[in-house]
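>
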Amino acid sequence: MLKLEQLSFQVPADGTNLEIIDSVDLEIPTGSFTVITGPNGGGKSTLARLIMGIEKPTGGRILFKGEDITALSIPERAKRGIGYAFQQPPRFKGLTVRRLLSLAAGESLSKDACSAYLTAVGLDPDEYLNREMDASLSGGEAKRVEIATLMARRAELVIFDEPEAGIDLWSFSMLVESFRTLVGEDRRSVIVISHQERIMQLADTMVIIAGGKVCQSGTRDEILPKLLGEVDGRKEA
Amino acid sequence: MDRIDTQLLETIADLHEIPAGAYNIRKNGAGLSRRSTANIEIVPKTDKPGIDIIVAPGTKNESVHIPVILTETGLNDLVYNDFYIGEDADVLIVAGCGIHNAGDSDSQHDGIHTFHIGKNAHIRYIEKHYGEGDGKGGRILNPVTVVEQAEGAVCEMEMVQVRGVDSTVRTTTAELAADAKLIVTERLMTHGTQEARSDIEVRLNGNGASSQIVSRSVARDSSKQIFHPNAVGNAECRAHVQCDSIIMDDATVSSIPAITANCADAQIIHEAAIGRINNDQLIKLMTFGMTEEEAENVIIEGFLK
Ligand SMILES: Nc1ncnc2c1ncn2[C@@H]1O[C@H](COP(=O)(O)OP(=O)(O)OP(=O)(O)O)[C@@H](O)[C@H]1O
Ligand SMILES: [Mg+2]
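Just so you know, the protein sequences line up as chains A and B, in that order.
So the first sequence is numbered by my numbering: it starts at 19 and just counts up by one.
So the second sequence is numbered by my numbering: it starts at 271 and just counts up by one.
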């Protein structure tokens, strides 16, 4: 589905070049559930932004379904089937949640369809459908609307950037269920950037990014016990 | 009425046919058709151009449409419309002016609207301004709005300049008695080399009076906008003034909100912001498959809604 080859992203800083993403090779198979994790500032969001086309790589290639999309714009990648839910969703004055869902879907969605997307992220449609996606929404509310819009996009490859951030326990359980459905029934390829063990439990593949490099990757069973061991200071099983 | 007339009426007053209720349609400086109802009387003035609109006390859920259209080039149409809203009435007033100028001389409409709103009456006033036509002549609108609200009167005004008005100077003043409430929502878009200026002065004279003035605008190309709202608190009152502008291309926007308190119990706040379209908003919409231009239009349309 997605292949990154020697992908690099440098920014100029104090006369030298700062390596934000450093020669990353990564393959995301069709229908897989990949969790990317790693320390703050490691480069996870930058990697997602490179895949979506928001940042332009300074080296390497991005292949999507066999096509080299490295030079394609954001909307061109969107049309080919890539979607990205931001870590920090922007607010829009005057755009209702319902309108935003329709814009994401690329067609005018019925009230029932919108309601289903909202329910999946734990938002009561009666309360939120006609609310504006403006600064009056709380952080967790805006975050859940953002996730719902990506569900409405029905893209083949969906990337969620820390979907758990700011989300309460009840909504979080619904979210986990929704992710299961995305890969299970809907057969999407899903990448979730996350620090949450419960989301990692859903993964087939895990990737740890630190200092702009892939420092570990493998199946969940290979990576997760080691990771938890390191974090807890427990002895590896 | 021809096709240009009906299209203008549709744009400025959402009129597809003769409206229900009272109405007065003015075209090229003269009354085209008019209807009064049992509770709303429309009387042409005898001393100067214009009409008196008299709404009987207690009138509920009725509407008045008073659109103006100009389709001849070189017209300078000045009109005085006086509204007398009886106590406890609750009505919708739809005004608006559409100019189609296909000639090379300026077409101008200056509407002087005065509202006398009785005790505890409620009006909702909607005014849309729009210009079109490919002549070199300017399309000019200089509306003057004067509002007097008696105790407990509520006035909601939505003033929208849709497109195509080359020059506009809007002057709005309001006097509020005790417990009166005024909500002004202004929406403006300028493009090309258009210029727009809006001066609003609200004087809150009675205890419990309140007002909210929200101005949202988009300035494109090399257009110029100036906003100057002023809320004056002369009693125990509350007022909130907010100006929010999106600036694009080579436009100029100047926001000068002012607040004045002549009473220690007046609570008045102003906020003003001018900025480009937020880049994250554009990128978000582009990830839905929109081009940058499509995304811009969606953002502007929502902002001015
Ligand atoms: N355009 C840029 N210019 C300069 N520095 C940048 C740029 N983009 C990212 N960075 C830096 O690169 C590093 C990686 O940022 P990134 O947002 O990708 O981290 P992250 O792994 O998503 O972190 P978190 O877990 O906190 O979300 C950070 O130190 C960030 O400041
Ligand atoms: Mg991040």
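Using N, Cα and C, we set each Cβ at its ideal position, and we do this for glycine too.
Evaluate the contact criterion for the segment 560–570 of chain B versus the segment 530–541 of chain B: three or more CB pairs, one atom per stretch, below 8 Å.
The answer is no - the segment 530–541 of chain B does not touch the segment 560–570 of chain B, with fewer than three Cβ pairs under 8 Å.
> For ligand 2, I want to know if A:E180 counts as a neighbour, meaning its beta carbon is within less than 8 Å of at least one of the ligand's heavy atoms.
Yes, Cβ of A:E180 sits closer than 8 Å to a heavy atom of ligand 2.
> Is any non-hydrogen atom of ligand 1 found closer than 8 Å to the C-beta of A:E73, if you look at the structure I gave you?
Within the cutoff, so yes.
> For the segment 74–99 of chain A, which residues have a beta carbon sitting closer than 7 Å to at least one beta carbon of chain B?
Of all residues in the segment 74–99 of chain A, I92, P93, A96, K97 have a Cβ within less than 7 Å of some Cβ in chain B.
> Taking only beta carbons into account, state which residues of the segment 546–568 of chain B come closer than 7 Å to chain A, listed in chain order.
Result list: N548, D550, Q551, I553, K554, L555, M556, T557, F558, G559, M560, T561, V568.
> Since B:C513 contacts B:A479 with CB under 8 Å, what's their CB separation in whole angstroms?
So it is not a contact: roughly 21 Å between Cβ atoms.
> Which same chain residues end up closer than 8 Å to A:A173 when comparing Cβ atoms and leaving out the 5 residues on each side of it in sequence?
Counting only Cβ-Cβ distances below 8 Å, and skipping sequence neighbours, we find A96, G99, I100, G101, R206.
> Strictly below 7 Å CB to CB, what residues from chain B border A:Y102?
Near A:Y102 (Cβ distances below 7 Å), the residues of chain B are T557.
> Flag A:L121 as yes if its beta-carbon sits less than 9 Å from any beta-carbon of chain B, otherwise no.
At least one chain B Cβ lies under 9 Å of A:L121.
> My understanding is that B:G344 touches B:A372, with C-beta atoms under 8 Å, so please give their C-beta distance in whole angstroms.
Not a contact, Cβ separation roughly 11 Å.
> Return the CA-CA distance between A:I177 and A:S156, expressed in angstroms with no decimal places.
When rounded, the distance between both Cα atoms is 22 Å.
> Can you pull the chain A residues whose beta carbon is under 7 Å from the beta carbon of B:F497, in chain order?
Neighbours of B:F497 on chain A: none; closest Cβ ~17 Å, over 7 Å.
> Indicate the three-state DSSP secondary structure (helix, strand or coil) for A:P267 in the structure shown.
Not covered by the structure: residue 267 of chain A. The range shown for chain A is 19 to 255.
> How is the alpha helix (DSSP H) around A:I92 delimited, first residue to last?
Counting along the chain, the alpha helix (DSSP H) containing A:I92 begins and ends at 92–98.
> Could you tell me whether any Cβ in chain B is nearer than 9 Å to the Cβ of A:F110?
Interface residue, yes.
> Bridge partners for B:C425 per DSSP, in chain order?
Paired residue(s): B:I393, B:L452.
> Residues of chain A with a CB under 7 Å from the CB of B:K398: which are they?
Under the 7 Å cutoff, chain A gives no residues; its nearest Cβ is about 17 Å from B:K398.
> Using DSSP with H/G/I as helix, E/B as strand and the rest coil, what is A:R238?
Here A:R238 sits in helix by DSSP.
> Along the chain, where does the alpha helix (DSSP H) containing A:D130 start, and where does it finish?
A:D130 -> alpha helix (DSSP H) spans 129–138.
> Over the uninterrupted alpha helix (DSSP H) stretch that includes A:S189, give me the two end residues.
Where A:S189 is concerned, the enclosing alpha helix (DSSP H) stretches over 187–201.
> Can you tell me which of the three DSSP states A:L18 falls into?
Nothing about residue 18 of chain A can be read from this structure; chain A reaches only from 19 to 255.
> Skipping 5 residues on each side, what residues in its chain have a beta carbon closer than 8 Å to that of B:R433?
Cβ neighbours of B:R433 beyond the five flanking positions: Y400, G401, E402, M459, H461.
> Once you ignore the five residues that flank A:I209 on each side, which residues in its own chain have a CB closer than 6 Å to its CB?
Cβ within range, chain order: T52, I177.
> In three-state DSSP terms, what is B:T281?
The answer is helix: DSSP assigns B:T281 an H, G or I state.
> Verify the contact flag: B:K406, CB atom, against every heavy atom of ligand 1, threshold strictly below 8 Å.
Outside the cutoff, so no.
> Hey, would you say A:M218 sits closer than 9 Å to A:V139, going by beta carbons?
No; because the gap between Cβ atoms is not below 9 Å, this pair is not in contact.
> Using the three-state DSSP reduction, which class does A:P243 fall into: helix, strand or coil?
The answer is helix: DSSP assigns A:P243 an H, G or I state.
> Mind listing which residues have their beta carbon within less than 5 Å of any non-hydrogen atom of ligand 1? Chain order is fine.
For ligand 1, the selected residues are A:V29, A:I38, A:N58, A:G59, A:G60, A:G61, A:K62, A:S63, A:T64.
> Tell me whether A:I211 counts as near ligand 2, meaning its Cβ is closer than 8 Å to at least one heavy atom of that ligand.
Yes; taking the cut-off as 8 Å, the Cβ of A:I211 has a heavy atom of ligand 2 nearer than that.
> Listing by chain order, which chain B residues have their CB less than 8 Å from the CB of A:M70?
Within 8 Å Cβ-Cβ: T557.
> Just to make sure I have the definition right: I need the residues of chain B whose C-beta is within less than 9 Å of the C-beta of A:R171. Which are they?
Under the 9 Å cutoff, chain B gives T557, F558, G559.
> So which residues on chain B does A:G124 lean against when the C-beta distance must stay under 8 Å?
By Cβ distance, chain B contributes F558, G559.
> For A:E254, which three-state DSSP category applies?
For A:E254, the predicted model reports a pLDDT of 46, less than 50, meaning its position is unreliable; a value from the coordinates is still stated below. DSSP places A:E254 in coil when its eight states are reduced to three.
> Assuming A:S26 contacts A:S41 under a Cβ cut-off of 8 Å, what Cβ separation, rounded to an integer in Å, is found between them?
Correct: roughly 6 Å between the Cβ atoms.
> Can you tell me which residues form a DSSP beta bridge with B:L446?
Its beta-bridge partners are B:Q419, B:L474.
> Taking the straight line between their C-alpha atoms, what separation do you get for A:V115 and B:I282?
Near 28 Å, if we compare the C-alpha coordinates of B:I282 and A:V115.
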